[in-house]
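Participant:
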Amino acid sequence: DDASTTSPPWVDITSYVRMSAGVSFERGRNDERATAQPGQMTLTLNNTSGRFTPGLTSGAYHPLYIRCPIRVSFKPPGAGAYTVMWTGLVDQWSPDWSNGRATCRVQASDRLAVLQRQTLQTWETHQHLYTGATLLWPLTEDAGATTVGETATGTTQNALTLTAVGSSGSGEVGVGALPIDTGTVAAFTPTDASNGYSFTGTTSIASTTVASSAASVLMNATANPSATSYMLTLISANSYRLDVGVTTTGKAYVRLLNAGSTVLATVTGTSTITTGDWQQVGATLSASGSAWSLKLYVNGTQESSTATTSTTANLPALGRTVTIGGTVGAMYSGQLSHACYWSAPTTLALTMTEAYAAVTGATGETSTARHDRICDFAGVTSATVGTGLSTLGTQPIKGRTVLEALGDAADAELSPLYVTPAGVPTLASRDERYNAAVALSITRHDIASNVEFVVNDQNLINDVRGSRPGGPELRHTDEDSAARYGLKTDVVSLILADDAQLAAVVEWNATTRAEPSPRTSRLEIDAWVKQATVDLADTLALTI
1 DDASTTSPPW VDITSYVRMS AGVSFERGRN DERATAQPGQ MTLTLNNTSG
51 RFTPGLTSGA YHPLYIRCPI RVSFKPPGAG AYTVMWTGLV DQWSPDWSNG
101 RATCRVQASD RLAVLQRQTL QTWETHQHLY TGATLLWPLT EDAGATTVGE
151 TATGTTQNAL TLTAVGSSGS GEVGVGALPI DTGTVAAFTP TDASNGYSFT
201 GTTSIASTTV ASSAASVLMN ATANPSATSY MLTLISANSY RLDVGVTTTG
251 KAYVRLLNAG STVLATVTGT STITTGDWQQ VGATLSASGS AWSLKLYVNG
301 TQESSTATTS TTANLPALGR TVTIGGTVGA MYSGQLSHAC YWSAPTTLAL
351 TMTEAYAAVT GATGETSTAR HDRICDFAGV TSATVGTGLS TLGTQPIKGR
401 TVLEALGDAA DAELSPLYVT PAGVPTLASR DERYNAAVAL SITRHDIASN
451 VEFVVNDQNL INDVRGSRPG GPELRHTDED SAARYGLKTD VVSLILADDA
501 QLAAVVEWNA TTRAEPSPRT SRLEIDAWVK QATVDLADTL ALTI
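Structural data, given as structure tokens:
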């Protein structure tokens with residue numbers, strides 16, 4: 001199975017493992033202050049029959065792929081169940097002939113390595129994609145571009161072209177700034193309601209009937225238009241049309257028209273959206289029997305009452321023809337970003353709420369919720385232990401790897417990101433980590449003779465400066481420690497939501513490590529020999 005599979009059909013290859021060559025694996029961090037690091041595994045297989053030779057079509061396991069899931073399990077001889085020790089993905093198959101014997105050396109990495117290789121797009125783009133967007137135009141192209149790409153399908157046929165409406169005005173990309181992440185947006189400056197520019201084109205979306213549709217756009221305007229203007233227009237293959245716009249009083253507005261251009265339903269919002277701040281404006285359309293229901297959302301919340309219309313027609317999938325920036329007599333003035341369409345979304349209200357998170361950056365959610373969100377962005381299964389005690393602010397992610405973004409959430413929680421033996425990226429809340437009960441007690445007779453404890457300044461910190469996006473730099477110094485050992489400074493930048501949390505984290509970091517304490521870098525248990533005093537299954541199940 002491929003790398004995204006979390007529950008593949010496992011094939012037992014134990015009988016081919018050359019135990020004389022050993023099986024080695026590792027996961028975790030080098031030390032308590034290190035960031036999460038991908039784990040590695042190596043083993044050697046007997047390959048007399050060629051079943052582990054990539055490209056050998058007669059091989060029993062042909063075709064062999066890299067990124068194939070692999071795991072190592074162990075159980076005490078003669079009793080007990082297998083304990084999964086390590087799970088990852090094959091990086092390399094290396095058939096060779098050692099002393100005339102056909103073998104294959106296998107190297108693999110855990111899923112943190114995959115997350116280290118995957119680079120993120122902007123927060124706003126991922127926030128829309130993970131909601132299941134059918135069509136998405138981020139409008140983040142560089143200045144000078146005259147076409148804008150659609151990223152939900154990755155189909156070049158869905159690009160829109162900058163088109164003049166009338167004889168004057170302008171439309172451009174590569175200006176302004178996104179609400180959360182690093183990136184530019186599109187700006188439209190019409191001369192009047194009938195003269196300007198818009199991006200328009202026909203897409204490859206299937207002509208089908210659906211139970212529901214949703215549309216959304218991020219907008220920023222500073223003045224009310226002279227006539228109701230349309231930010232986003234979606235037209236179906238049979239010419240049904242949905243407009244998302246702004247009224248002359250600065251209120252959000254949506255309307256639905258049939259193939260004969262008859263207005264079937266309209267909804268006007270209650271709040272002013274032409275404030276110069278980024279807003280999310282969306283519409284949902286659902287069908288139940290012969291009734292269609294149209295709702296308007298501003299910043300994730302429904303505004304005004306639902307408009308309904310009776311019809312014998314089936315609700316068509318919209319978005320076959322798309323216009324961003326206005327049409328004749330309804331040109332939009334202002335900035336736009338992330339025009340999006342969902343065909344048959346499962347939960348309409350939730351879709352609008354999550355679209356608004358592209359403006360808020362999901363500020364105020366816990367660190368564990370952010371961990372799950374980033375994993376959702378990456379399309380990987382995640383896990384959490386407990387509920388994070390830190391609430392997070394905005395988190396620009398463009399250009400960062402998934403592993404780095406997850407590390408940012410973990411740093412804010414003061415708890416390390418790790419991967420479970422089953423290969424799942426996990427974050428535990430700090431109360432779970434720092435107050436964890438002892439899972440296994442051992443005596444000095446159970447550990448190897450080369451285990452030693454040392455006291456040094458490796459983890460000493462007594463002076464901490466900390467900052468957060470949009471906040472001040474705060475500092476805390478443990479004066480007693482600084483006087484005794486000298487200043488040992490650490491600088492942290494954390495995606496926390498407020499200054500009070502930042503102050504608490506800075507103080508905690510400066511005081512908990514102000515006095516050196518005994519540490520060991522290696523704890524070795526000869527579990528095979530010590531089965532009489534140490535339960536082997538319990539030892540294998542440990543996560544330190």
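Take the sequence shown: its position 109, counted from the start at 1, is 109 in our numbering, and no numbers get skipped.
Quick reminder that beta carbons are idealized off the backbone N, C-alpha and C, glycines included.
Using only CA atoms, which one of T387, Y332, A221 lies nearest to N195?
Facilitator: That would be Y332, whose Cα lies nearest to the Cα of N195.
Participant: Please list, in chain order, all residues of the same chain as T346 whose beta carbon is under 8 Å from its beta carbon, the five residues on each side excluded.
Facilitator: Counting only Cβ-Cβ distances below 8 Å, and skipping sequence neighbours, we find G132.
Participant: Please work out which residues of its chain come closer than 7 Å, Cβ to Cβ, to T248, disregarding the five sequence neighbours upstream and downstream, and give them in chain order.
Facilitator: Once the five neighbours on either side are set aside, the close Cβ partners of T248 are N224, P225, S226, A227, T228.
Participant: Going by beta-carbon coordinates alone, are E172 and A159 separated by less than 8 Å?
Facilitator: Going by C-beta atoms, E172 is not nearer than 8 Å to A159.
Participant: Sort H476, A214, P316, Y253 by Cα distance to T351 and report the nearest one.
Facilitator: With distances taken between Cα atoms, T351 lies closest to A214.
Participant: Between R433 and the rest of its own chain, which residues show a CB-CB distance below 7 Å, the 5 nearest in sequence each way excluded?
Facilitator: Hits under 7 Å: S415.
Participant: Checking 8 Å against the spacing of the C-beta atoms, do L135 and T209 come in under that value?
Facilitator: No; because the gap between Cβ atoms is not below 8 Å, this pair is not in contact.
Participant: Just to confirm my understanding: we take E507, look at its own chain, exclude 5 residues before and 5 after, and list those with CB closer than 7 Å. What are they?
Facilitator: Closer than 7 Å at Cβ, skipping near neighbours: H476.
Participant: Does A152 come out as helix, strand or coil in the three-state DSSP assignment?
Facilitator: Coil at A152, not helix or strand.
Participant: Could you give the uninterrupted runs of the alpha helix (DSSP H) lying entirely in the region 325-407, keeping only those of 4 residues or more?
Facilitator: If we require 4 residues or more, the alpha helix (DSSP H) runs fully inside the region 325-407 come out as 348-360, 367-378.
Participant: Specify, as a first and last residue, the run of the alpha helix (DSSP H) that A537 falls within.
Facilitator: 536-540 is the extent of the alpha helix (DSSP H) around A537.
Participant: Quick check: what's the CA-CA separation for T153 versus F377?
Facilitator: Taking the straight line from one Cα to the other gives about 15 Å.
Participant: Count the other C-beta atoms from every protein chain shown that fall within 10 angstroms of the C-beta of R373, then say buried if there are 16 or more, exposed otherwise.
Facilitator: Buried.
Participant: Return yes when the Cβ of Q116 is within less than 8 Å of the Cβ of L403, no when it is not.
Facilitator: Yes.
Participant: When you compare only the Cα positions, how much space is there between A283 and V244?
Facilitator: The alpha-carbon atoms of A283 and V244 are separated by roughly 7 Å.
Participant: Going by C-alpha to C-alpha distance, which of A410, T363, I13, T353 sits closest to V217?
Facilitator: When each option's Cα is compared against that of V217, the closest is T353.
Participant: What span of residues does the beta strand (DSSP E) with E32 cover, start to end?
Facilitator: Note, E32: premise wrong, no beta strand (DSSP E); not H, not E.
Participant: Please classify V464 as buried or exposed, where buried requires at least 16 other C-beta atoms within 10 Å of its C-beta.
Facilitator: When all chains shown are included, V464 counts as buried.
Participant: Cα-Cα, which of Q127, Q92, W123 is closest to D110?
Facilitator: That would be Q92, whose Cα lies nearest to the Cα of D110.
Participant: Any contact of the region 276-292 with the region 248-263, i.e. 3+ C-beta pairs under 8 Å?
Facilitator: Yes: the two stretches touch, three or more of their Cβ pairs being nearer than 8 Å.
Participant: Identify the continuous beta strand (DSSP E) that holds W137 and give its terminal residues.
Facilitator: Where W137 is concerned, the enclosing beta strand (DSSP E) stretches over 135-137.
Participant: Can at least three beta-carbon pairs, one atom from the region 437-447 and one from the region 140-155, be found at a separation below 8 Å?
Facilitator: Contact between the region 437-447 and the region 140-155 is absent, because fewer than three Cβ pairs lie under 8 Å.
Participant: Do you know offhand how far G388's Cα is from F52's?
Facilitator: Approximately 44 Å between the Cα atoms of the pair.
Participant: Three or more C-beta pairs under 8 Å: does that hold for the region 319-332 against the region 284-292?
Facilitator: The region 319-332 is not in contact with the region 284-292.
Participant: Would you mind listing the beta strand (DSSP E) stretches within the region 234-315 that are 3+ residues and don't spill past its ends, in chain order?
Facilitator: Qualifying beta strand (DSSP E) stretches, in chain order: 241-246, 251-257, 263-272, 279-288, 291-298, 301-310.
Participant: Could you give the distance in angstroms between the alpha-carbon of I551 and the alpha-carbon of L120?
Facilitator: What the structure shows of the chain is the stretch from 1 to 544, and residue 551 is not part of that stretch, so it cannot be assessed.
Participant: Can you name, in chain order, every residue of its own chain whose Cβ lies under 7 Å from the Cβ of R430, other than the five neighbours on each side?
Facilitator: Excluding sequence neighbours, R430 sits near L389, E413, L414, S415.
Participant: So what's D499 in DSSP terms, helix, strand or just coil?
Facilitator: Looking at D499 - three-state DSSP - the assignment turns out to be helix.
Participant: At what residue ranges does the region 439-471 contain a whole run of the beta strand (DSSP E), taking only runs of 3 or more?
Facilitator: Correct list: 463-467.
Participant: Label R27 either buried or exposed according to how many other C-beta atoms from any shown protein chain fall within 10 Å of its C-beta, with 16 as the threshold for buried.
Facilitator: It is buried - the Cβ of R27 has at least 16 other Cβ atoms within 10 Å.
Participant: Consult DSSP for H62 and reduce its assignment to one of helix, strand or coil.
Facilitator: Looking at H62 - three-state DSSP - the assignment turns out to be coil, as it is neither helix nor strand.
Participant: What residue does the alpha helix (DSSP H) around D480 start on, and which one ends it?
Facilitator: Counting along the chain, the alpha helix (DSSP H) containing D480 begins and ends at 479-485.
Participant: If we count the other Cβ atoms within 10 Å of its Cβ and call it buried at 16 or more, is F453 buried or exposed?
Facilitator: Exposed is the call here.
Participant: Excluding the five sequence neighbours on either side, which residues of its own chain have a C-beta within less than 8 Å of the C-beta of G201, listed in chain order?
Facilitator: N158, A159, L160, T161, T321, V322, listed in sequence order.
Participant: Helix, strand or coil for W86, going by three-state DSSP, please let me know.
Facilitator: Of the three classes helix, strand and coil, the one that applies to W86 here is strand, per DSSP.
Participant: Please report the distance separating the alpha-carbon of M85 from that of E32.
Facilitator: Spanning the two alpha carbons is a distance of roughly 21 Å.
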